[in-house]
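Q:
Protein chains in written order, with my numbering: chain A, 16 to 373; chain B, 129 to 446; chain C, 3 to 443.
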C-alpha cells in the first residue's frame, strides 16, 4: 500500500540495476540526505551533533568496514580497533609531513596504510578459519596497540604519548582542531561516510562483492568455480581495513581531537563487532542501525532518570546502563538474530501489503 | 652482529649463568599457565556441550570471586559464603539456559557468541551494582588457603614458591582429574559426551539437552569460582581481571576448542612461552611484549596445525 | 538504503538536546565532577569522587554554598575512558560550568585545546600535561600543586637524602615501573636527564593496561636487574598488584617509592604485613582530624547524604578529593572577591584561579590547618611547584616520614618551558594568550 513497486517498469538494464530502483527509495534517500546535510546542522544542539551523530557516523563507517570482512566475506575479525588506529596514526604522521595538503585528502590517504596493515595481518586467513582466525586478528590488535605506544616516532615524540590534532581548514573554514565547530566537522564526516557507503554498496553489488559472498558461503566450493581464494580474502582484508582506517582517522581528527594508544584497544574492536552483529551481518543499512543503537542507547539510558527527575547516582546509572545494554543485546538476538536490518525488511514487507496481512 | 648476539646467544647465556632465575621463570610461567588453563577449561566445557563460544567466562570469574568476597563482607562466614556463591553460580546456570540458550537454540555460532557478550555486559553491571566496583582483597586466609612462600636455596641463588601458587596448581589438577572422571565414568558424563558428539542423536536417545546445558554451565561456574579465588589471591579481585581472561583465547586456539587436556597443555605452553619470552627477550623490545606474545605463539602454532594441537581434524566437504 | 538512520538520529537529538538545555538553573555555581566509580580504575577513582562530592555537600549544608552561591554538583561517570570524558564535557559545557576536573590524564589532554575555545577552566590537580603549568601558553589549564616532573625530582631529593647525596647514585640502577600510557611516560625525559646528571642507569618496566594484574614477569626482571630503588607511576588495579608482587619477590619495600597516585590505602593494604615499608609521595595529609573533615562527617555522612563507606573518611584518596574540592572552592571565593559577583562564569573563575593564594593561615581558617602546603598560583605559573612529602605504610596506615620536600625547580622549569614550546609548535596555529592578567597575580 505505502511501499508498492507495482507500476514502476524498468525498460533498460541500467534502470534495473540502479542503486535505488524503486521510486519510494529514491524519495526516501533524498529526504534523508536533506535532513542529514541541511536540517540537522541547522537545528541540532552541539551536544547532539558532537556526542551522538558524529560518533554514530564514524562508527558506522568502521562497522561497514568490518561488515565487508565478517558479514560479506565470512572472516571474523577482532582487530578492527587496531586497524582504526593505523588509520589515525597514519593520518597524524601525514599531517605532520604534508601540512599543506588538504586534511580530507590525508584522511582518505591514511586508509591505504590501514589497508596495507590489513593485508599483512590477513595473510594467516589463507590457512586459518572461523574462531581460530579471530585469534590471529587479536594478535594484530594487541601488537598494533603496543606499537602505538612503543614507537614514539608515531606520535612525534610527544611527552604525553598521545596525538593532538592541529587546526586545518577547508575552503577557509576550520574543519579540524578545537576551533572547528561541531556542525562543520559533522558535515565533513557525513560527506565522507555517504560517499564511502555509496562506493561500498556498488562494490558489493558487483563482481567483487559476489566473489566475497561466494567465499563466505563456502570457500571450497568458491575455489572450485575458479575464484582465487587468497586474492579474494586479502582484497576483503584490504578494503575492510581501508574503511576502518578512514573511520579511525575521522575518529581522531573530526571527532575527539586527541587520541592515545588506549583509544584503539580491544574494547573498540568488540564495540564495532557488536554494531555489526546487532545491525545485521551482511547489510550496509544494518551497520548504521547497529552503530546508532549501540552508541545511542547508553546515552539515552543515561538521560532517562533525568526525565523523571530521579536523582540516581552517576555510578548506579552506569551499572544499570551496562545491565540494560547486555539484556537488550540478548533480547535483540532472540527477537531477530539476523539483526536490525532484517527488522527493517520485515517492516518494509508489512508496508507493502498493508492493510492485508499477506 | 650485536643484535644477533642479543637475540640468539645472550638469553641462553643468561639462563646458564643464573639458573635460579631460569627455574623461577619456569615456575612463574607454569603457575600463570595453570590459571590460564583454568579459564580455558571453562570455555571448553561449554563449547563441547553446547557449541557456544562463551565469551562471558572471563566475567564469570570476576563475578564469582566478587560474590564470594561480597557475601563474606556482609558477615557470612567464609565457607558458607563459598556455598552461597556455588548456589549463585547454579542459579546463573539455570538463568542462562532458560533465558539465553533455550530461545536461541539452533542459531548460528556467531549469534550465540554475541549473546554471551550481552551476558558479559549484564554481569559487569549487575556485579558492580550489587557488590560494588572497587577491588576487593580475596579472603584466602578465611578460606584456609595458605599464604607466605617457600624459599629453596639452590643453584647459586634461590627459588621462591608462593604457597598459594602451589595450592592453585594442586586444586587445578584435582579439578581436571575430577572433571575427567566425571566425564568418563558417570551417567551424566556419558550423556555430556553424547551431546558433544551430536545434539540430535543425543536427543533421540532421550538425553535432556536442557539438563545437560545447566550442568555444564554450572560446572563452568565452579571452574570460574576456583579461578577467581586463585587469581584473586595473587593480586586482588577487580574487574581488570576480565581483560586477563582474554588470554584464554590463545590457549584455546592452541589446545583446540574441544579438548580438556588441550586446554591444560595449551595453558602451560602459553604461560611458559609468555614468561620466558618476556623475561629473556622482552628487554630487547623495551619490555611489555607479554601483551601480544601469547597470541603470536598461538598464531605460529596455528600456521602449522590449523585445528590446534588437540583439536579434532577439520574435514571439509562440499 | 539508509532510511531511518537519521530519523533515529534526529529523534535522539531532540531527546537529548532538550533536557540538556532546560536544566540550567540560576543563583548557583555549577561544578561538574568527572568521576569513575566503575571499571578497572574504580579503586582509585571512588574515594576521590566521594571526597570531592562530600566537601561540596558540606559547604552547601553548612554555609549554604560558597559566598552565598549554592554549589550545584553533578557527577559524570567517565570510567577513565577518553571518549566518555569528552562526551561528559560536551554534555556539561552548555551549562556554564565554573571549572572542570577531568581526573584522568588522557581526558585532560583531550580537553586542553577545547577549554581555550569554550572558556572553561580545567583543574588537573597534579596530573595531566605537565607543560600546561605555563600560563602564557595554557591560560585555561591549572595543575597545582606540583607537576609529575616536580614529583620525580622530589623523589630524587628524598633518595639523595637517604643515600647521603645524589652523587652516591653513580653506577647504581634505578628501576622505573610505570603505567604504559601518557601518564606513566611523561616523567621519562626528566628521568633520563637525571640519569645523565647523576650517572646512574635506568631500567624501564612498562606495564601495559591489559597486564595490570599480571606483573610476575616484570618483578622477575626486577629481581634480575637488582635496582637500588624502584620508582612507580601506577594507577588503578596496577598499584596493589605491584606492591604485592614486590613483597613477593622480596624487594626491600623502603626502596620502593610511588608517585602520589600510587599511595592509596587500598594500594598497600592487599599486600598484608609484607607491604610494610612501602613509600609514596603525598601532598595532602591523611587522617580525619581536621575541623572541615569533622564537619563533613557531621553535615553530610551522618545525615546519610553521602556514598562514602565507613572508614573511608580521612583516607588518602578521600582527602585528595577534599583537597581538590577545597582548591576549587577557594578559587571560586577568590573570583567572587575579584569581581564582586556571586555567580561567576568560567572567565571569572580563571581569574580567580590565576591569583589563588592559600596561605597556611587560610588553610587553618577553612578548617584544614596543616592539611596541605600553602599554595600559590600566578598568571604565568599555573602550577606553583609546591612541596610534597614522603609517607610510609606501616601495615595499617600511612605515616609521614619526611619533611615537605621542595622540587628541583631549576631542573624542572627549563624542561617545562621547552615542553610547552614544543606543544605549541606542534599544534600550530595555537591561540596566543589574549586573556589579560589581573594585577594581583
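Beta carbons are placed, not taken as given, at the ideal position from N, Cα and C, and that holds for glycine.
Around the C-beta of residue 385 (chain B), are 16 or more other C-beta atoms found within 10 angstroms, so that it is buried, or is it exposed?
A: Start at 1 with the first residue of the second chain, and residue 385 (chain B) comes out as number 257. Residue 385 (chain B) comes out buried.
Q: Starting from residue 385 (chain C), trace the alpha helix (DSSP H) both ways and give me its first and last residue.
A: What you label residue 385 (chain C) is simply residue 383 of the third chain in a count that begins at 1. No alpha helix (DSSP H) contains residue 385 (chain C), which DSSP labels as neither H nor E.
Q: Report the residue from C:93, C:64 and C:84 whose alpha carbon sits nearest the alpha carbon of residue 314 (chain A).
A: Start at 1 with the first residue of the first chain, and residue 314 (chain A) comes out as number 299. Checking every option, the nearest Cα to that of residue 314 (chain A) belongs to C:93.
Q: Please work out which residues of its chain come closer than 8 Å, Cβ to Cβ, to residue 66 (chain C), disregarding the five sequence neighbours upstream and downstream, and give them in chain order.
A: Stepping through the third chain from its first residue, residue 66 (chain C) is reached at position 64. Answer for residue 66 (chain C): 72, listed in chain order.
Q: At a Cβ threshold of 8 Å, is residue 228 (chain A) touching chain B?
A: Working through the first chain from its first residue, we reach residue 228 (chain A) at position 213. It does not: the Cβ of residue 228 (chain A) has no partner Cβ on chain B nearer than 8 Å.
Q: Is the beta carbon of residue 262 (chain B) sitting closer than 8 Å to the one on residue 45 (chain C)?
A: If you number the second chain from 1, residue 262 (chain B) lands on position 134. If you number the third chain from 1, residue 45 (chain C) lands on position 43. Yes. Within cutoff.
Q: For residue 322 (chain C), which residues of its own chain have a beta-carbon under 7 Å away from its beta-carbon, when the five flanking residues on both sides are left out?
A: In the third chain, residue 322 (chain C) corresponds to position 320, counting from 1. Result list for residue 322 (chain C): 50, 53 and 286, in chain order.
Q: Provide the residue(s) that pair with residue 348 (chain C) in DSSP beta bridges, ordered along the chain.
A: Reading the third chain from its first residue, position 346 is the one you call residue 348 (chain C). According to DSSP, residue 348 (chain C) bridges with nothing at all.
Q: At the 8 Å Cβ level, is residue 89 (chain C) part of the contact set with chain A, yes or no?
A: The sequence position of residue 89 (chain C) within the third chain is 87, counting from 1. Yes, because at least one Cβ of chain A sits closer than 8 Å to the Cβ of residue 89 (chain C).
Q: Taking C-beta to C-beta, are residue 350 (chain C) and residue 339 (chain C) nearer than 8 Å?
A: Taking the first residue of the third chain as position 1, residue 350 (chain C) is located at position 348. Taking the first residue of the third chain as position 1, residue 339 (chain C) is located at position 337. The answer is no: Cβ separation not under 8 Å.
Q: Residues of the segment 396 to 411 of chain B in Cβ contact with chain A at a cutoff of 7 Å, in chain order, please.
A: The residues in question: there are none.
Q: Where does the unbroken beta strand (DSSP E) through residue 183 (chain A) begin, and where does it stop?
A: Reading the first chain from its first residue, position 168 is the one you call residue 183 (chain A). It spans 183 to 185 - the beta strand (DSSP E) in which residue 183 (chain A) sits, taken as one unbroken run.
Q: Out of B:223, B:154 and B:192, point me to the one whose CA is closest to residue 170 (chain B)'s CA.
A: Here residue 170 (chain B) is taken as the residue at index 42 of the second chain, counted from 1. When each option's Cα is compared against that of residue 170 (chain B), the closest is B:192.
Q: Taking its Cβ as the centre, do 16 or more other Cβ atoms sit within 10 Å of residue 432 (chain B), making it buried, or is it exposed?
A: Against the second chain, residue 432 (chain B) aligns to sequence position 304. Its Cβ having fewer than 16 others within 10 Å, residue 432 (chain B) is exposed.
Q: What residues in its chain sit with their C-beta under 6 Å from that of residue 155 (chain A), if we drop five residues either side in the sequence?
A: By 1-based counting over the first chain, the position of residue 155 (chain A) is 140. The answer, listed in chain order, is 94, 97 and 136.
Q: Scan the segment 181 to 218 of chain B and note each continuous alpha helix (DSSP H) run of 4 residues or more that stays entirely inside, going in chain order.
A: Here the runs fully enclosed are 185 to 201.
Q: Do you know offhand how far residue 286 (chain A)'s Cα is from residue 355 (chain C)'s?
A: What you label residue 286 (chain A) is simply residue 271 of the first chain in a count that begins at 1. What you label residue 355 (chain C) is simply residue 353 of the third chain in a count that begins at 1. Their Cα atoms are separated by approximately 40 Å.
Q: Buried or exposed for residue 86 (chain C), going by 16 or more other Cβ atoms inside 10 Å?
A: In the third chain, counting from the first residue as 1, residue 86 (chain C) sits at position 84. Answer is buried; the Cβ neighbour count reaches 16.
Q: Taking Cβ positions only, does residue 242 (chain B) come closer than 8 Å to chain A?
A: Reading the second chain from its first residue, position 114 is the one you call residue 242 (chain B). Interface residue, yes.
Q: From the beta carbon of residue 330 (chain B), is the nearest beta carbon of chain C less than 8 Å away?
A: Along the second chain, one-based indexing puts residue 330 (chain B) at 202. Judged by the 8 Å Cβ criterion, residue 330 (chain B) is not in contact with chain C.
Q: State the DSSP-derived secondary structure class of residue 318 (chain A), mapped to helix, strand or coil.
A: In the first chain, counting from the first residue as 1, residue 318 (chain A) sits at position 303. Reduced to three states, the DSSP call for residue 318 (chain A) is helix.
Q: For residue 438 (chain C), does the three-state DSSP call read helix, strand or coil?
A: Taking the first residue of the third chain as position 1, residue 438 (chain C) is located at position 436. Reduced to three states, the DSSP call for residue 438 (chain C) is coil.
Q: Assess, as a yes-or-no matter, whether the segment 252 to 262 of chain C is touched by the segment 233 to 243 of chain C under the definition of 3 or more beta carbon pairs within less than 8 Å.
A: The answer is yes - the segment 252 to 262 of chain C touches the segment 233 to 243 of chain C, with three or more Cβ pairs under 8 Å.
Q: Counting only beta-carbon atoms, is residue 139 (chain A) nearer than 8 Å to chain C?
A: Along the first chain, read from residue 1 onward, the residue named residue 139 (chain A) stands at position 124. With 8 Å as the cut-off, residue 139 (chain A) does not count as an interface residue toward chain C.
Q: Quick one, which of A:279, A:221 and A:249 has its alpha-carbon nearest residue 134 (chain A)'s?
A: On the first chain, residue 134 (chain A) is found 119 positions in, with the first residue counted as 1. Of the candidates A:279, A:221 and A:249, the one whose C-alpha sits nearest the C-alpha of residue 134 (chain A) is A:249.
Q: Hey, is the segment 233 to 243 of chain A in contact with the segment 158 to 175 of chain C, meaning 3+ C-beta pairs nearer than 8 Å?
A: Judged by Cβ distances under 8 Å, the segment 233 to 243 of chain A makes no contact with the segment 158 to 175 of chain C, as fewer than three pairs qualify.
Q: Would you mind giving the Cβ-Cβ distance between residue 126 (chain C) and residue 104 (chain C), rounded to the nearest angstrom? I have them listed as a contact below 8 Å.
A: As a working mapping, residue 126 (chain C) is identified with position 124 in the third chain. As a working mapping, residue 104 (chain C) is identified with position 102 in the third chain. At roughly 6 Å, the Cβ-Cβ gap stays under 8 Å, so residue 126 (chain C) and residue 104 (chain C) are in contact.
Q: Looking at the secondary structure, which residues open and close the alpha helix (DSSP H) in which residue 377 (chain B) lies?
A: The count along the second chain starts at 1 and reaches residue 377 (chain B) at position 249. Taken as a continuous stretch (DSSP letters only), the alpha helix (DSSP H) holding residue 377 (chain B) covers 376 to 383.
Q: Rounded to a whole number of angstroms, what is the C-alpha to C-alpha distance between residue 180 (chain B) and residue 241 (chain B)?
A: In the second chain, residue 180 (chain B) corresponds to position 52, counting from 1. In the second chain, residue 241 (chain B) corresponds to position 113, counting from 1. In a straight line, the C-alpha of residue 180 (chain B) is about 6 Å away from that of residue 241 (chain B).
Q: Tell me the start and end of each unbroken beta strand (DSSP E) in the segment 174 to 199 of chain C that is at least 3 residues and wholly inside, in chain order.
A: Counting only runs of 3 or more, we get 175 to 181.
Q: Taking beta-carbon pairs under 8 Å, can you tell me which members of the segment 263 to 284 of chain C lie near chain B?
A: Here the close residues are 268, 271, 272 and 274.
Q: Which one or two residues does DSSP pair with residue 394 (chain C) in a beta bridge?
A: In the third chain, residue 394 (chain C) corresponds to position 392, counting from 1. For residue 394 (chain C), which the question treats as bridged, DSSP gives the partners C:281 and C:401.
Q: Mind reading off the beta-carbon distance from residue 162 (chain B) to residue 396 (chain B)? Whole number of angstroms is fine, and I expect it under 8 Å.
A: Reading the second chain from its first residue, position 34 is the one you call residue 162 (chain B). Reading the second chain from its first residue, position 268 is the one you call residue 396 (chain B). Confirmed, about 7 Å.
Q: Does the beta-carbon distance from residue 251 (chain A) to residue 213 (chain A) come in below 8 Å?
A: Within the first chain, numbered from 1, the residue matching residue 251 (chain A) stands at position 236. Within the first chain, numbered from 1, the residue matching residue 213 (chain A) stands at position 198. No.
Q: From the DSSP secondary-structure annotation, give me the bridge partner or partners of residue 115 (chain B).
A: The requested residue 115 (chain B) does not occur in the structure, where chain B is confined to residues 129 to 446.
Q: Could you check the C-alpha separation between residue 106 (chain C) and residue 141 (chain C) for me, to the nearest Å?
A: Here residue 106 (chain C) refers to the residue found at position 104 of the third chain. Here residue 141 (chain C) refers to the residue found at position 139 of the third chain. Rounded to the nearest angstrom, the two C-alpha atoms are 19 Å apart.
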